[in-house]
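In our numbering, the protein residues as written are 1227 to 2398.
Just so you know, even glycine gets a beta-carbon here, dropped at the ideal spot from N, CA and C.
Just so it is clear, the structure is predicted and the values come from calculations on it, not from any experiment.
Here is the structure we will look at, set down as structure tokens.
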């Protein structure tokens, strides 16, 4: 193919040595050559919609005589010159008429005889000396010789003539050449357009004759290819590529019509067909074979791909070349595989290797060529396609190695019979019907050797082959890593590990395969490369005799993960399982695929003194595994946890039903937290997401029980204790330990002072209370002192009872809460009298409880000097509610004894909670209900007891059975018997006793006041008549208690009396207030006058007596006075002896006048200040 476009020139007059005209013509030719190549040509063809810009054309100026006039078959339109120039020098009109005009006419006739599209251009060259003589006439026409040339040779509007005014020698005039150069470009574009249109018409006529006899695809192919070559010569590779793609589409259409008689057999049996580059169209005479219709399918497809690849390379689309190359190699290799028997041995592998390496080589060169647009952004994408081509080439070497025995026929190496991947979506090289349209090639003698020297040498030498394959693989792997294709490099790393294993490089094999396995885990790539990597690592580890450490354990666990996803059994599976069992290091593995645990039920079952559940355990490994244990850990909302477990289980492949037992007695709703399968010291943890994750755990009613409560008998003056009541179950208990943990920080238990039967218990090393043995059905109470803040109301404890039975260790756990406050309140009010003390006790229930009070006793201690008498006793219990309290009155007398003792009494209250009584009765009555209906009755009663308003009638005396009967109407057959049992059942609740120390008030000074009339003559009292009354105040020291010497201040303590009369009843006259010194031997007597102001029954006035607080004596410090005042412990009590006495006042018989003092208004002087 000609590398440049030819433009001819002809000189007139003919050059003669030393002729002035010759130097002028040669100067003109040299000037044109100096401005080549032509640039920025714009071609607008009528057959195309868009304007094409030809950036540059490499032009070669040749004399017309040097160009052959013969036209070859299917040549490019540029094989013949499209522009012919005639340079003439003529300054005289006569010479023009006699010589120049005739020469130009002969020249045009010669061009017409060549019968090729062209453009004639006549250039009049003017020497520098005649430049000024040229120009335009007054009519705008050219003068002189140029005008005559245009008049004689212009055809219509086509201007064939132009003049060139040469600049003076050795000077440069930029304005002298643009007109000529533009005319040359215009002429070339015009001729090129005409030639292309003419050639396109020829192609269309040829294609229209496709169905005619004698039509030849090869001839038509060359004809249309000439268009592509023409476009390529003028640097329009895009248009050239379009033509080749149209040719390929035509080829596929012919293949579809099964009309390939003009193409030879498959081919690929030339001496160097497997080693020739496929992107070089000069290695074979492809066009000559096309002209002779002697080209094979193999050569034709290579030539067509090569032409497209070269054009794409010129366009800088190297990524597309690489990708199309993959598809082309794959499709043609598939076609060759169908006729493999006609090819040389290993021909396909050798050709594929050569083709891929050639594509890579050419694309590498094109990718770094300077681009006109400066766009190198596609190189990163190209690298990806390049790596795939290199990998295809590497795989061919790998297949050769497997076929020849240099590599084992096992993973990860490709088996020799495996075909290359073929993209059915490729429209470039798809030949679905080629095999059916071409008859099978005749059998040719099989060549003994392939022509690729590198592969040929490697085939015969095992060491060279391994070196070649390792070098290819190592380079490809590093290239993948360099460009961030970590996932793609996994397979290459597997090949390198396999090579190390084959070469018995154990250290390299172990390190590379272990690193490969770690990459697979990180990239989540499991099959089959990860399995191979791990098995290789185990084999190398075994040959190295390394210690099985934590790294080996992690690798083994990952290997089990791979085996769980692969239905076939792993080679090293049994060895790895045994190795994991024997490890000395522990490892926790979460959500491993080897096993799966699923709960089969949501409620536990009783199994002797344990509970059990059934789970389904799936073993996805292809082997039976003896595991050490399976356990499920459940937690409740309060954080308590229990384990269900089973030991030494053979897990068969597939699903296994396993029963798990729990030796811990508890109850409630538990949530599955984690399932654990233990293999040696390896724990497989599963956070299950199945629907059944809740487990209802029930406690064995006949098993051991621990109940936390306050003591039934409480003495407020004793240390605070909490009772833990332990009951034995159906079996004897050995070596019981009680562990307590306070769940609120305000309370701490003094475990070291725990007692049972007044015997102090010991603590073990773990801080648990040693209980000892408990016989069947035995109950015991453990009293544990505690310390708490004054604000603590509830005591919450986590209780664990650990014990041994004949069947093993057991535990009982629970979290219980008890209210430490008393369910009742007691208030006392004392009334002092000279001979006795009346104590009024008021007992009320707490706001949330109702109580039954059986008895309230106030007793004296031994050898006490007091005696107590209750004000009446009842023989039945009394209900006390927060709104209805109980009042108890006791009279306390002092005995006449010579010896005084501490005045201390004890108030004992025997009571029970109504709700506890009801629940106890219901529990006992439920035992008589048939088991089938027991759950329903229990559910209904629980709802009723939760609402106090439903059983309020029981508090006022209605029988319990009658109270609950209306809520059991839907089960009448059971309700009748159940309610009758409640009515006939006596109180089964445990009575509680509260013992409160009561101190008899001491150091009380009692003053008794009596108001009597001075005169007893008048029996009738009228309204308005004054009454003379005597106020008698006596002092008693009966309640001063144990004799204590009085201080001077106490002996001289003054008291004040204050008569308080109701102003609506009395007008008080006389001494309303007064003071006196207390004296138990002498009474104080005062006189007052009472004037009744209304009629009716009127109570006597009230009198108060209280001590007078005096200030410090003169000279006495205030601090000393305050100390003395605070030290006085005497309290003063007073009462009016006849406070309940009344006076019947009759209405007055006449008007009563009284003097009532009225305050004077402000500004009015006192009477003593008035003027007389």
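By the Cβ rule, the region 2023-2037 counts as touching the region 1954-1974, because three or more pairs are nearer than 8 Å. Its Cα nearest to that of residue 1724, the residue 1632 stands out among 1777, 1632, 1748, 1275. Counting only runs of 3+ residues, the beta strand (DSSP E) found wholly inside the region 1247-1272 occupies 1264-1269, in chain order. Its Cα nearest to that of residue 2032, the residue 1958 stands out among 1958, 2004, 2063, 1420. For residue 2102, there is no enclosing beta strand (DSSP E), as DSSP gives it neither H nor E. Taken through DSSP and simplified to helix, strand or coil, residue 1972 comes out as coil. Around the beta carbon of residue 1763, 16 or more other beta carbons sit within 10 angstroms, so the residue counts as buried. Between the beta-carbon of residue 1722 and that of residue 1700 there is about 7 Å, and that keeps the pair under the 8 Å contact cut. Note on residue 2202: under 16 other CB atoms within 10 angstroms of its CB, so exposed under the neighbour-count rule. Nearest neighbour of residue 1912 by Cα position, chosen from 1818, 1842, 1950, 1944, turns out to be 1818. For residue 2208, the number of other beta carbons within 10 angstroms of its own is at least 16, and it is reported as buried. Burial state of residue 1888 is buried, judged by a 10 Å Cβ sphere holding 16 or more other Cβ atoms. Distances from the CA of residue 2064 to each of 2080, 2037, 2049, 2092 were compared; the closest alpha carbon is that of 2092. A contact between stretches requires three or more CB pairs, one per stretch, nearer than 8 Å, and the region 2307-2324 meets this requirement with the region 2282-2298.
Taking 8 Å as the cut-off, the Cβ atoms of residue 1908 and residue 1779 count as close.
Per DSSP, the continuous beta strand (DSSP E) segment holding residue 1851 begins and ends at 1851-1861. Annotation: the continuous alpha helix (DSSP H) that includes residue 1405 extends over 1404-1434. The beta-bridge partner set that DSSP reports for residue 1709 is empty. With respect to the 8 Å criterion, residue 2313 and residue 2254 are classified as neighbours on the basis of their beta carbons. In the same chain as residue 1732, and ignoring 5 residues on each side of it, the C-beta atoms closer than 6 Å to its own belong to 1766, 1769, 1770, in chain order. Rounded to the nearest whole angstrom, the CA to CA distance from residue 2057 to residue 2095 is 15 Å. Its chain contains no residue whose beta carbon lies nearer than 6 Å to that of residue 1567 once the 5 sequence neighbours on both sides are disregarded. Your pair residue 1894 and residue 1862 checks out as a contact, with CB atoms roughly 5 Å apart and the cut at 8 Å. With contacts defined as CB atoms closer than 8 Å, residue 2167 and residue 2190 qualify as a contacting pair. Here DSSP, grouped into helix, strand and coil, assigns residue 1934 to strand. Residue 2037 carries a strand assignment under DSSP once its states are collapsed to helix, strand and coil. With respect to the C-alpha of residue 1614, the residue from 1534, 1698, 1533 having the closest C-alpha is 1698. Between the alpha carbons of residue 2295 and residue 2239 lies a distance of about 14 Å. Taking 8 Å as the cut-off, the Cβ atoms of residue 1308 and residue 1421 count as close. When beta bridges are read from the DSSP output, residue 1351 appears opposite 1390. DSSP places residue 1291 within a helical segment (H, G or I) once states are collapsed to three. By the Cβ test, the region 1977-1985 is in contact with the region 1996-2013, since at least three Cβ pairs between them sit closer than 8 Å. Annotation: the continuous alpha helix (DSSP H) that includes residue 1548 extends over 1544-1564. Within the region 2248-2330, the beta strand (DSSP E) runs of at least 3 residues that lie entirely inside it are, in chain order, 2253-2265, 2280-2286, 2292-2296, 2299-2303, 2310-2318, 2322-2325. For residue 1238, the secondary structure class from DSSP, reduced to helix, strand or coil, is strand. Check the Cα spacing between residue 2019 and each of 1798, 1971, 1801, 2053: the tightest is with 1971.
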